[in-house]
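Counted from 1, the sequence shown has number 199 at position 70 by the working numbering; the numbering is strictly sequential.
Below is one structure; the comments refer to it alone.
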Amino acid sequence: MAEKNTEVKTIGVLTSGGDSPGMNAAVRAVVRVAEKKDIQVYGIRHGYHGLITDEIKLMEKNFVSNIIQRGGTILKSARSKEFRTEKGRAKAAENIKKYGIDALVTIGGDGTFTGADILSKEHDITVVGIPATIDNDITGTDETIGYDTALNTALEAIDKIRDTADAHERMFLVEVMGRDAGFIALETSIAGGAELVLLPEELTDINDVKSQLNKMLKNQIRSSLIVVAEGDEIGGAIKLADEIRDDFERYDMRVCILGHIQRGGTPTARDRVLASRLGAAAIKTLTEGHSNVMVGVVNNQVKITPLRVAVSKKKDLDYSLIELAKQLR
Ligand code: F6P
Numbered sequence: 130m131a132e133k134n135t136e137v138k139t140i141g142v143l144t145s146g147g148d149s150p151g152m153n154a155a156v157r158a159v160v161r162v163a164e165k166k167d168i169q170v171y172g173i174r175h176g177y178h179g180l181i182t183d184e185i186k187l188m189e190k191n192f193v194s195n196i197i198q199r200g201g202t203i204l205k206s207a208r209s210k211e212f213r214t215e216k217g218r219a220k221a222a223e224n225i226k227k228y229g230i231d232a233l234v235t236i237g238g239d240g241t242f243t244g245a246d247i248l249s250k251e252h253d254i255t256v257v258g259i260p261a262t263i264d265n266d267i268t269g270t271d272e273t274i275g276y277d278t279a280l281n282t283a284l285e286a287i288d289k290i291r292d293t294a295d296a297h298e299r300m301f302l303v304e305v306m307g308r309d310a311g312f313i314a315l316e317t318s319i320a321g322g323a324e325l326v327l328l329p330e331e332l333t334d335i336n337d338v339k340s341q342l343n344k345m346l347k348n349q350i351r352s353s354l355i356v357v358a359e360g361d362e363i364g365g366a367i368k369l370a371d372e373i374r375d376d377f378e379r380y381d382m383r384v385c386i387l388g389h390i391q392r393g394g395t396p397t398a399r400d401r402v403l404a405s406r407l408g409a410a411a412i413k414t415l416t417e418g419h420s421n422v423m424v425g426v427v428n429n430q431v432k433i434t435p436l437r438v439a440v441s442k443k444k445d446l447d448y449s450l451i452e453l454a455k456q457l458r
């Protein structure tokens, strides 16, 4: 793992990619713990975009007061096309040097870490990543910041949908977020008692889906719930409804896409604690001389993983949970 001997006196912190509840708690921990170590912190607004366009301001301790309970990110977030270009990254590196920033703390998901890894290698910049995405799809941490909150937001919505599904004896196809990963779908399907779940990690056989629905019809089950991960190869809940509607006229079918509601809201206690731990761990990791790594929590211990590994290795779903979901149908 890369280690450097340079002393860190000034750092920059940014949030990038899809926001997730708990990002603010992570920023707060970075600022508070850095201050204890006499490290000054620049806040970079709008992620890598702001690094290029020079939206860089010194953060005082009181900037992070009263934010631990807030969703979103006070630093704002963005997906920057320019940062994907060499020219864009060169501008970003210039600004990092201009402010005398010795190291960057980047808070986000796989896109954020891929960018950090390239920037670090191209311009010899020290970086530490903090995993924050509702998708939970980052290797090197049991959970990412925001996952627990998103899971509970989706579950609350599913419980409510179940009430109306039951009242009208309808079938609901509920789509949850997860572009490439089925963590939210799998766990909400178990916790929400869904009849079926469609995941990007498993090939969806439409005939299996139909035979499951036929079984339900035979058992006189009319009110039911299917959870569909956004990234399932069938193409989402609307596409699934199109595929099955004609064969199942006896079901009064409705589609509900939960969408961005899953990204907002007050972070759960678990997300706030995780974010606080990882914010503090990022500063410790920097002062110990590491670079190009991500901090995570594995089996309740802080763990350091090279960014390259965190982004290149797909995090597996717990296959015993897929089996459990099937047993509980
Ligand atoms: O990466 C988190 C995520 O919420 C995915 O689950 C989703 O596919 C994507 O972001 C949506 O991104 P955007 O808000 O840019 O449309």
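Glycine residues also receive a C-beta, built at the ideal position from the N, C-alpha and C atoms.
Because the structure is a prediction, the values reported are computed rather than measured.
Span separating the alpha-carbon of residue i from that of residue j
i	j	result
Leu453	Glu184	48 angstroms
Ala207	Asp376	43 angstroms
Leu415	Ala232	8 angstroms
Leu332	Asp288	27 angstroms
Ala369	Asp337	First, the residue type needs correcting, since residue 369 is Leu and not Ala in the sequence shown. Rounded to the nearest angstrom, the two C-alpha atoms are 13 angstroms apart.
Thr214	Thr255	19 angstroms
Lys444	Asp239	11 angstroms
Lys455	Asp334	15 angstroms
Val160	His389	28 angstroms
Gly147	Ala261	9 angstroms
For residue i, the first and last residue of its enclosing alpha helix (DSSP H)
i	result
Glu316	Phe312 to Ala320
Arg218	Glu215 to Lys227
Asp292	Tyr276 to His297
Leu107	The chain is shown only over 130 to 458; residue 107 falls outside these bounds and no answer can be derived.
Val402	Ala398 to Thr416
Val338	Ile335 to Lys347
Lys186	First-last for Lys186: Ile185 to Leu187, but that is the beta strand (DSSP E), not the alpha helix (DSSP H).
Leu369	Ala366 to Ile373
Leu180	Gly176 to Ile181
Same chain, Cβ closer than 6 angstroms to residue i, neighbours up to 5 away in sequence not counted
i	result
Glu378	none
Ala439	Phe242, Ile267, Thr268, Gly269 and Met423
Ile173	Gly141, Leu143, Gly179, Leu180 and Ile185
Asn195	none
Ile412	Val162 and Ala163
Met188	Val160, Val170 and Gly172
Residues near residue i by beta carbon distance below 7 angstroms, same chain, minus five either side
i	result
Thr278	Pro150, Gly151, Gly394, Pro396, Thr397 and Asp400
Ile230	Thr139, Ile140, Gly141 and Tyr171
Ala283	Val305, Ile313, Thr317, Leu387 and Gln391
Ile197	Asn153, Ala154, Arg157 and Arg401
Ser366	Reading the sequence as shown, one finds Ala at residue 366 and not Ser. Excluding positions up to five away in sequence, the list reads Leu302, Val303, Glu304, Val357, Val384 and Ile386.
For residue i, the residue or residues it bridges with in DSSP
i	result
Gly258	Thr235 and Met423
Gly141	Tyr171 and Leu233
Ile386	Glu304
Gln430	Val427
Pro435	Val422
Contacting residues, own chain, Cβ-Cβ under 8 angstroms from residue i (five flanking each side not counted)
i	result
Asn134	For Asn134, the predicted structure reports a pLDDT of 47, less than 50, and the residue's modelled location is therefore unreliable. A value from the coordinates is still provided. Closer than 8 angstroms at Cβ, skipping near neighbours: Gly418.
Ile290	Phe301, Val303, Leu354 and Cys385
Leu450	Leu315, Glu316 and Ile319
Boundaries (first-last residue) of the beta strand (DSSP E) holding residue i
i	result
Val162	Here Val162 belongs to no beta strand (DSSP E); instead the alpha helix (DSSP H) covers Met152 to Lys165.
Report yes or no: do the segment 308-323 and the segment 264-272 share at least 3 C-beta pairs separated by less than 8 angstroms?
yes
If we count Cβ pairs, one from each stretch, closer than 8 angstroms, do we get three or more for the segment 333-346 versus the segment 313-320?
no
Three or more C-beta pairs below 8 angstroms linking the segment 426-438 and the segment 292-303
no
Just checking, does the segment 345-362 make contact with the segment 325-332 on the three C-beta pairs under 8 angstroms criterion?
yes
Three or more beta-carbon pairs under 8 angstroms between the segment 154-173 and the segment 401-414, yes or no?
yes
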